[in-house]
Each structure stands twice: as structure tokens, then as C-alpha cells.
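So the sequence shown is numbered by this note's numbering: it starts at 1 and just counts up by one.
Where is the CB? At the ideal position from N, CA and C, for every residue including glycine.
Keep in mind the model is a prediction, meaning the values are calculated, not measured.
The structure appears below as C-alpha cells.
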Amino acid sequence: MMMPTTEQMLAAAQLALQEHVVPNVEDQWAQSALRSVDVILNHLQARTAAEGPMLHEDTSELVKILTDAKSRLGSSQASLTDFLNTAPGILAGYARVDALQALNHKGREAVDELLLDCQAKKGNADADAVHAELRAYILRHADRESSFFFPTFVGRPV
Numbered sequence: 001m002m003m004p005t006t007e008q009m010l011a012a013a014q015l016a017l018q019e020h021v022v023p024n025v026e027d028q029w030a031q032s033a034l035r036s037v038d039v040i041l042n043h044l045q046a047r048t049a050a051e052g053p054m055l056h057e058d059t060s061e062l063v064k065i066l067t068d069a070k071s072r073l074g075s076s077q078a079s080l081t082d083f084l085n086t087a088p089g090i091l092a093g094y095a096r097v098d099a100l101q102a103l104n105h106k107g108r109e110a111v112d113e114l115l116l117d118c119q120a121k122k123g124n125a126d127a128d129a130v131h132a133e134l135r136a137y138i139l140r141h142a143d144r145e146s147s148f149f150f151p152t153f154v155g156r157p158v
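Here is the structure:
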């Protein structure tokens, strides 16, 4: 492991700002900017360690859900096909966080398009089932991401 870790460097920067910069800043706008930087550093400390695994888990779930949706709806959407063709190669090996972010974004774009497709086919049993599964996925996705945002608004991670 590289030392210091990313989290340790972020914590050290935050501590230095709090102990050495904030006490010496009298301008209210500058104080406000420093509080914003503190919030961002809280967020990054929470996000750094968890983002890669969370994206991998979320994207792996998307592959299953979108494969099923494509089969049930007979969808030929380019974004869906592109995501399903690209995902296995990225998920199978060591994936950088930026690659996982881009892939996950593609998958969520396909979810958006499928939701519109389901809306247009409302009343069709398969479309309604896919819609329910996509909605449940969105709630799970939001729950996964909440671990990044909670520390941002409450303070430093423990």
C-alpha cells in the first residue's frame, strides 16, 4: 500500500487548513470558501475508499438487470447494447475508478431510456415488471451512494 494513503493525505490537508489557515482568516468570504473546502474534503475522505468497490457492485447489478430487461422487452437501444458489450471486459479485470464511473454512467443512461420505453408500453406485463425492477435498482443505487454524502454534511468520517 502506498503511504500515506489518499485518505491520510486528505485528512492532513484538512487538519492543516483547520489549524493553521482558518484561525488566521478574517474575511467572511474567505471563511465561507474554507468551510466549503472542508465539506469537499469530508466528502472525498468518505468517497475515496468506497467508490471503486461500490461502482463495481452497482455496475455488476446493472449488467444483470439490463440483460434481463433487454431480453424481456426486445430492446435494441444502442446505449443498452453498447453498455452490455463493454461491461464484461471492464468488470472482469482490474478496473480503474474512472473507467467504472464512465461505464456506470452508460448503464444509468440505458436505465433512463428503458424507463421511457416502459412508460410507453405501460400495461404490458413485461414492461411493468422491468419498470418495477429498474425503480428498485434506482433506490438501491441511491442507498449505495448515500455513504458518500452523509459524512459531507455531518463531519469527518470516523
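>> Less than 7 Å between the C-beta atoms of A69 and V130, yes or no?
In response: yes
> Can the beta-carbon of T81 be found less than 7 Å from the beta-carbon of T48?
Replying inline: no
> Within this structure, are the beta carbons of E133 and I65 separated by less than 7 Å?
Replying inline: yes
> Beta-carbon separation of S79 and A120 under 7 Å?
Replying inline: no
> Can you round the beta-carbon distance between R140 and M54 to whole angstroms, since I take them to be within the 8 Å contact cut?
Replying inline: Rounded, the Cβ-Cβ distance is 11 Å, inconsistent with contact.
> How many Å lie between V37 and G123 at the Cα?
Replying inline: 49 Å
>> Here's a check: name, in chain order, each residue in its chain whose Cβ is nearer than 6 Å to the Cβ of D27, leaving out the five neighbours to either side.
In response: none
> Buried or exposed: which applies to G93, given that a residue is buried once 16 or more other Cβ atoms fall within 10 Å of its Cβ?
Replying inline: exposed
>> Quick check on D128: buried or exposed, where buried means 16 or more other Cβ atoms within 10 Å of its Cβ?
In response: exposed
> What distance in whole Å lies between the Cβ atoms of S60 and L91, which are believed to be in contact at a cut-off of 8 Å?
Replying inline: 6 Å
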